[in-house]
Structures are given as C-alpha cells and as structure tokens.
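**Q**
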Amino acid sequence: MKFRTALLGAAAAFVLAPAAHAERGADGEVKIFYYQAVSTLNAYLSSGTKDVEAGSLVLEPLAGFDQDGQLFPRLAVDIPTVENGGVSADLTTITWKLKEGLLWSDGTPVTSADVKFTYEYCTAPDGGCAQGAKYEGIKSIDTPDDLTVVITFEAPKPYPYQPFTGGTAPILQKAQFEACLGAAAASCVEQNSKPIGTGPFVVTDFKVNDVVTLEANPNYRDAAKPAFGKVTIKGGGDALAAASAVMETGEFDYAWNTQINPDQQKQMEAGGKGSFVNAFGTLVERIEINMTNPDPALPEGERSTVKHPHPIFTDPKVRKALSIAIDRQALVDIGYGGAGRPTCNLVPAPAYQASDNTECLTQDLEGAKALLAEAGWTDTDGDGILDKDGKKFSILYQTSVNAVRQDFQALIKGWWNAIGIEVELKSIDASVFFGGDAASPDTFQKFYADVEMYANNFDGTDAEPYMSQYLCDKIPGPENQWQGENINRFCDPAYDALVKELSTTSGIEARGELVKKLNDMLTKDSNVVIPLVDRGRFSAKSNTLDGFVMNSWDTELWNVQDWTRVK
25 MKFRTALLGA AAAFVLAPAA HAERGADGEV KIFYYQAVST LNAYLSSGTK DVEAGSLVLE
85 PLAGFDQDGQ LFPRLAVDIP TVENGGVSAD LTTITWKLKE GLLWSDGTPV TSADVKFTYE
145 YCTAPDGGCA QGAKYEGIKS IDTPDDLTVV ITFEAPKPYP YQPFTGGTAP ILQKAQFEAC
205 LGAAAASCVE QNSKPIGTGP FVVTDFKVND VVTLEANPNY RDAAKPAFGK VTIKGGGDAL
265 AAASAVMETG EFDYAWNTQI NPDQQKQMEA GGKGSFVNAF GTLVERIEIN MTNPDPALPE
325 GERSTVKHPH PIFTDPKVRK ALSIAIDRQA LVDIGYGGAG RPTCNLVPAP AYQASDNTEC
385 LTQDLEGAKA LLAEAGWTDT DGDGILDKDG KKFSILYQTS VNAVRQDFQA LIKGWWNAIG
445 IEVELKSIDA SVFFGGDAAS PDTFQKFYAD VEMYANNFDG TDAEPYMSQY LCDKIPGPEN
505 QWQGENINRF CDPAYDALVK ELSTTSGIEA RGELVKKLND MLTKDSNVVI PLVDRGRFSA
565 KSNTLDGFVM NSWDTELWNV QDWTRVK
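Going by the working numbering, the letters in the sequence shown line up with residues 25 to 591, in that order.
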C-alpha cells in the first residue's frame, strides 16, 4: 500500500502572503456580524458552524486548510508525509512536531501534553464530544518530548490528517480544561466561554447568544499581527439585517452567511459599500429524516432515541416520496440564484468524490403519490390527508429562523400537501437551534421533530471524517449529552463497514469511489438525508476591509490574522 501525497495535497504547505502591517493592533477595531449568535467558543461542545468559526479566533489546530483545500501548518512545523518521515511507511503512525516557542495567551508554553489531552477530552466517556468523528481509529497518542506528538492508528491510515486539523479540531490547554473531562465538560462555563488559546485574539467578554468581544493576543507568534487590536462579534437578528449592516449602513466590516434572495443581493450591491463573496465547496442545504420517534407523549430521555423507531419513516418508499416531491431548481431560483445549485448529493465536491446521483433533480409528484400508495397510505376519509392503520400522515418540519429557509419551508410544505401529507412548520432562533445546549428541546441535535432542515460542511477536501459522522455510535442521546454527529439516528452495519474500509483505502480514485457509495447509501438508496441545494459560502465584506480570502474548506475566519483596514 503506497501513500499518495498527490491525493492528500499535504506536502505543499501553503502560506498566504500577508499584507504589510505597521504594528499589532494599529488598525483598531473590526466588527463582525454572525446573526446566528455564538453560544460557546469550544468547538467540541457544538456542531454549530457559528460556534466553531468564532472559536477559531482563539483556538487553533495543528494544521488548517487553505482556500484550495490544501493543508498548511499552524501550530505544527510542517505537514508530516511519508517522504519527510512524518508518516510511517506502513501508514500506522503520524508524527507532528510543534513549533518552538509557542505560547498560550496566558504566557505559558504550548506542549505535546496539550495535544494529547485534547484527544482525551474529546474521547472521554459521557463527554458528548461534538467532533468525535475527527478522532476515529486512534490506538494511542504518545509524547516522547514537549514538542513531539506521535499518533498510532489501529490500522494503516492512508489519510492520517483527521485529528487536530481544521477549525473543528483545535488544541485545548490541558491546564485550563483538565477538570472538564467527561460529563463535566458542559458545566465548565468559564473555560468554554473564555478559552485560553494560541490564536490571534483573546476573549475579553462573552455574552452568550449575543456579543463576543476580543482583543489582540499579546503572545501571538507573529509579533506584527493581528493588525486589528479588537474584534466585536455581534449576534442576533437575521441574514437580511446582517447583510444590510455591511452593504448598506456600513456599520459592520463582515457578515457571515448572508443567506438572502437574489433580488435582495442585487439591491444591496448597488449601494457600493461592500461586496458579496462566494465560494463553492461542500456546504449542502438538506432535509434530515428522523429515524426515531419524537412524539412528546414519550418519556423525556426516550423521545428521538433509538428506543423508539419512527412510526412512519421506517419505510424507505415514504422517504423517497418526500424527496421526489421537491422541485430543487425552484428552491435555487427563489433562495440563492447564482450562489446555489440543485443537488442530490450530501458530498457535492471535490469532483472525484461526487456521485453521479441526479435522479432527484426532476420533481415527480405523481411518482411520489404512487410510492405512498404502495406503502399503504391512502385517503380513506376524503379529507386530503393520507392515513394508514388509523394514523394520519402528519409531520412536524423544523428549521432555523431565516427568510430563505422559511420560503423553503412554505414551498416544500405545499408540495408535500399536494401528495397528501399534513405538515406543521416550526422555526427556531438560529442561536438556539445550532447552540448545542443539552437542556434545550430545540437544538438540531436533539431533533424533537419529524424532519429538519439545515446546512453544514466538512474541513478540507477528504470526506472520511464527514462520512464517519453517520456511524451507529455517533447518534445523539441523553447518554452523550445530545452531542453526537449522527443527527438523523441512521444506523446500518453495512455503512459502518464501508467507512472502516475507507479508512484503510489509499489512492484518490479508490477513496472517491467509496465516498460516492457512502453518499448514495445516505441519499438515493435510503433517502434518510434529502439534499436540496449545493450552497456556495456566501458572506458580505466591506470595501474598507482588506486581506479577506473566502475559504469553503475551513472556517471563513481562517486568515483573520492577515486582515487589515484599507488605508
């Protein structure tokens, strides 16, 4: 088995050419709008992109992904490969070397013990790590000295770059978090709100689901960066207000995820204060089908758990009917314009991993009706709502508050009504929906609904960790504080076996074929995931902000240390 650096793109470490900086903090304050307000700065306790992104200003991984999806070192000296001796010839170990002189923002040294501890933190029993898929297949982590981390895998690992890379897998300071292992993780409020990090900024104040205030890290490894001395991240409102705050009023410098319709985009661009930035990657708006029963009549702690299969959606014909009843091109036209493309795939890119799955692109209402009839659903009382065994086909469809998503809900409800399904709509404040609070009934992880809609993506270009999220042991539940990544509670031993095969398969084509099969198992073969739109990352940037480079493979704030004010 031969390690292919061409596949991994790891050997070419990328360094963005920085803008000239007069001195750290010289450009004053930069204002950022995340209308999905930040709930935690600890990526391991939230699957919400907004939390991962905000936390990335403070907490960093060993390596990140650039705007082309290529790995580049952050805390590491370089990217380990077989050629440079960092990856063993048998692909069972990877050795990372930390840069010398790295300091935490409190002035203490960063060591290999912090890296090993981060793994222990995420894999601790009862901890409910939201990024557990990043640490699949690790046998052990050794730290022969303060700057060396040796990861040994259970089997040869052709893609050994899952752990500690990208915004979803940052390094935590052992001294700060060592009392927060396992079930104690969520209760460590101070640590999760004000983590000690190595990034360009440190937290000075954090009002949960409202405002995060940060200032330049005095111990950041580049003495001339960041150019901004202060960052304010404002939450609340909606995508339209966020876009307007950059594009029309000029109150903010950058607004994330400005999910507004094409007409609104054109109107705002005419103002001349900013521009929309867009890049396609792996961000897919989709509907997840709950494979478990969310009935509120069930005891708390049993709703939406594997103890109770869903009474309707266990039939694959029903799930397929929901999918083919949707006109995806209409959704793109109304919601995204050029910033979206209709898709049937959960993994739309890169091309070598993208399935040729296109069947769902043609809406088929009559076909959907026929499938439901085959499944035994008929309108016995003539009220227009299908029923079976005395039960009405009535479902709750939830998503976050966003004008485009509410438009989607209304359209999809209409199509589902047309095939005999009664649909109740629910929209939840985005800060809550994506917040990861185990006590809240309204998080997308808890999934107290029959279907829900959202979008996310994965770090880098290799889909293995993303596919690993749908393993049987990644299902959220009370035993892991509702932090598992397998949101729809899908469980198929054949799928688990294929993920295991992927983890030991080398070669770009062979890995791509396995990803396609996994994608198809989740989508066209079972329709437990119903992809809708391949969304470009779409945000707003002020004309006075320089150095911003859109990145669809990592966090959008990936190079914030290089941002400057236009002089």
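Note that CB positions come from ideal geometry on N, CA and C, so glycine has one too.
Let me know the alpha helix (DSSP H) ranges lying completely inside the segment 531–574, each 4 residues or longer, listed in chain order.
**A** As far as the segment 531–574 is concerned, its whole alpha helix (DSSP H) runs of at least 4 residues are 532–546.
**Q** Count the C-beta pairs between the segment 294–312 and the segment 270–277 that are closer than 8 angstroms, then say yes if the count reaches three, no if not.
**A** Yes, they touch.
**Q** Note down the Cα distance separating E107 from A67, rounded to an integer number of angstroms.
**A** For the purposes of this step, residue 107 is taken as the residue at position 83 of the sequence shown. For the purposes of this step, residue 67 is taken as the residue at position 43 of the sequence shown. Distance between the alpha carbons of E107 and A67 is about 32 angstroms.
**Q** Three or more C-beta pairs closer than 8 angstroms, one from the segment 350–360 and one from the segment 431–451: is that the case here?
**A** Touching, yes.
**Q** Counting only runs of 3+ residues fully inside the segment 271–343, write out the beta strand (DSSP E) ranges in chain order.
**A** With a minimum length of 3 residues, the continuous beta strand (DSSP E) runs that stay inside the segment 271–343 are 298–313.
**Q** For the segment 81–92 against the segment 462–479, do three or more pairs of beta-carbon atoms, one drawn from each stretch, fall closer than 8 angstroms, so that the two count as touching?
**A** With the cut-off at 8 angstroms, the segment 81–92 and the segment 462–479 do not touch.
**Q** Put E53 into one of helix, strand or coil per three-state DSSP.
**A** Taking the first residue of the sequence shown as position 1, residue 53 is located at position 29. Strand, per DSSP.
**Q** CA-CA distance, R48 and A240?
**A** For this step, residue 48 is matched to residue 24 along the sequence shown. For this step, residue 240 is matched to residue 216 along the sequence shown. Spanning the two alpha carbons is a distance of roughly 8 angstroms.
**Q** Using alpha carbons as the reference points, say which of N281, W506, P372, F432 lies closest to V539.
**A** Here residue 539 refers to the residue found at position 515 when the sequence shown is read from its first residue. Considering only alpha carbons, the answer is P372.
**Q** Could you check which residue in G131, S71, A100, A251 has the C-alpha nearest to that of T588?
**A** Along the sequence shown, one-based indexing puts residue 588 at 564. Among G131, S71, A100, A251, the Cα nearest to that of T588 is on A251.
**Q** As a quick exercise: from G156, Q155, Y59, T176, pick the residue whose alpha carbon is nearest that of S164.
**A** One-based indexing of the sequence shown puts residue 164 at position 140. Closest option to S164, Cα to Cα, is T176.
**Q** What's the gap between the Cα of P187 and the Cα of A179?
**A** Position 163 of the sequence shown, counting from 1, holds the residue named residue 187. Position 155 of the sequence shown, counting from 1, holds the residue named residue 179. Cα to Cα, the separation comes out at about 15 angstroms.
**Q** If you count every other CB in all the chains shown that lies within 10 Å of the CB of S63, and 16 or more means buried, which is it?
**A** For this step, residue 63 is matched to residue 39 along the sequence shown. It is buried - the Cβ of S63 has at least 16 other Cβ atoms within 10 Å.
**Q** I need the straight-line Cα distance from V173 to L115, nearest angstrom please.
**A** Residue numbering aside, residue 173 sits at position 149 when the sequence shown is read from its first letter. Residue numbering aside, residue 115 sits at position 91 when the sequence shown is read from its first letter. Spanning the two alpha carbons is a distance of roughly 15 angstroms.
**Q** For the segment 447–462 against the segment 155–162, are there 3 or more C-beta pairs whose distance is under 8 angstroms?
**A** No, they do not touch.
**Q** Can you tell me which of A193, V552, Q291, P224 puts its alpha carbon nearest to the alpha carbon of D586?
**A** In the sequence shown, counting from the first residue as 1, residue 586 sits at position 562. When each option's Cα is compared against that of D586, the closest is P224.
**Q** Who are T117's beta bridge partners in DSSP?
**A** Position 93 of the sequence shown, counting from 1, holds the residue named residue 117. DSSP, once it has assigned bridges, lists T176 as partnering T117.
**Q** Can you check the segment 165–216 for any alpha helix (DSSP H) of at least 4 residues that lies completely inside it and give the ranges in chain order?
**A** Runs found: 198–201.
**Q** Determine contact between the segment 82–99 and the segment 209–227, defined as no fewer than three beta-carbon pairs at a distance below 8 angstroms.
**A** Yes: at least three Cβ pairs fall under 8 angstroms.
**Q** Within a Cβ cutoff of 7 angstroms, which residues of the same chain sit near P374, ignoring the five residues on either side of it in sequence?
**A** In the sequence shown, residue 374 corresponds to position 350, counting from 1. So the list reads T485, once near-sequence residues are dropped.
**Q** M477 bridges to which residues according to DSSP?
**A** Stepping through the sequence shown from its first residue, residue 477 is reached at position 453. Beta-bridge pairing links M477 to I311, T423.
**Q** Considering only DSSP beta bridges, list what E239 is partnered with.
**A** The sequence position of residue 239 within the sequence shown is 215, counting from 1. Answer is V226, K254.
**Q** DSSP three-state label for R245, please.
**A** Position 221 of the sequence shown holds residue 245. Three-state DSSP puts R245 in coil, outside helix and strand.
**Q** With respect to the beta strand (DSSP E) encompassing R365, which residues constitute its N-terminal and C-terminal limits?
**A** Counting from one through the sequence shown, the residue named residue 365 turns up at place 341. Counting along the chain, the beta strand (DSSP E) containing R365 begins and ends at 364–366.
**Q** Once DSSP output is grouped into helix, strand and coil, what is the label at V139?
**A** Here residue 139 refers to the residue found at position 115 of the sequence shown. Helix at V139.
**Q** The alpha helix (DSSP H) that contains K393, what's its start and end?
**A** Here the question's residue 393 lines up with position 369 in the sequence shown. Per DSSP, K393 belongs to the alpha helix (DSSP H) from 389–398.
**Q** Measuring only the C-alpha atoms, how far is T566 from G261?
**A** Position 542 of the sequence shown, counting from 1, holds the residue named residue 566. Position 237 of the sequence shown, counting from 1, holds the residue named residue 261. A small correction: the amino acid at residue 566 is Ser; Thr does not occupy that position in the sequence shown. S566 and G261: Cα-Cα distance of roughly 19 angstroms.
**Q** Can you tell me which of K181, G206, D497 puts its alpha carbon nearest to the alpha carbon of A593?
**A** For residue 593 there is no data in the structure shown, the boundaries of the chain being 25 and 591.
**Q** Pull up the distance between the alpha-carbon of T9 and that of W280, whole angstroms please.
**A** Residue 9 cannot be examined here, being either before or after the span of the chain that is shown, 25 to 591.
**Q** Shortest alpha-carbon distance to I358 belongs to which of M545, N583, L127, V557?
**A** To locate residue 358, count along the sequence shown from 1; it is residue 334. That would be V557, whose Cα lies nearest to the Cα of I358.
**Q** Specify, as a first and last residue, the run of the beta strand (DSSP E) that S451 falls within.
**A** Along the sequence shown, read from residue 1 onward, the residue named residue 451 stands at position 427. Residues 446–452.
**Q** For C146, which residues of its own chain have a beta-carbon under 7 angstroms away from its beta-carbon, when the five flanking residues on both sides are left out?
**A** Your numbering for residue 146 matches position 122 in the sequence shown. Only Y68, C153, Q155, G156, Y159 meet the Cβ criterion.
**Q** Once you ignore the five residues that flank N575 on each side, which residues in its own chain have a CB closer than 6 angstroms to its CB?
**A** Here residue 575 corresponds to residue number 551 of the sequence shown, with the count starting at 1. Only Q91, W582 meet the Cβ criterion.
**Q** Inspect the beta-carbon positions of T345 and L395 and report whether they are closer than 7 angstroms.
**A** To locate residue 345, count along the sequence shown from 1; it is residue 321. To locate residue 395, count along the sequence shown from 1; it is residue 371. Checking the displayed sequence, the identity of residue 345 turns out to be Ala instead of Thr. Yes, the pair counts as a contact, with Cβ atoms nearer than the cut-off.
**Q** For the beta strand (DSSP E) that contains A87, what are its first and last residues?
**A** Residue mapping note: residue 87 aligns to position 63 of the sequence shown, counting from 1. Looking at the DSSP string, the run of the beta strand (DSSP E) that includes A87 is 87–89.
**Q** Smallest Cα separation from N243: which of G444, L126, D474, D234?
**A** On the sequence shown, position 219 is the one that residue 243 refers to. Cα-wise, what sits closest to N243 is L126.
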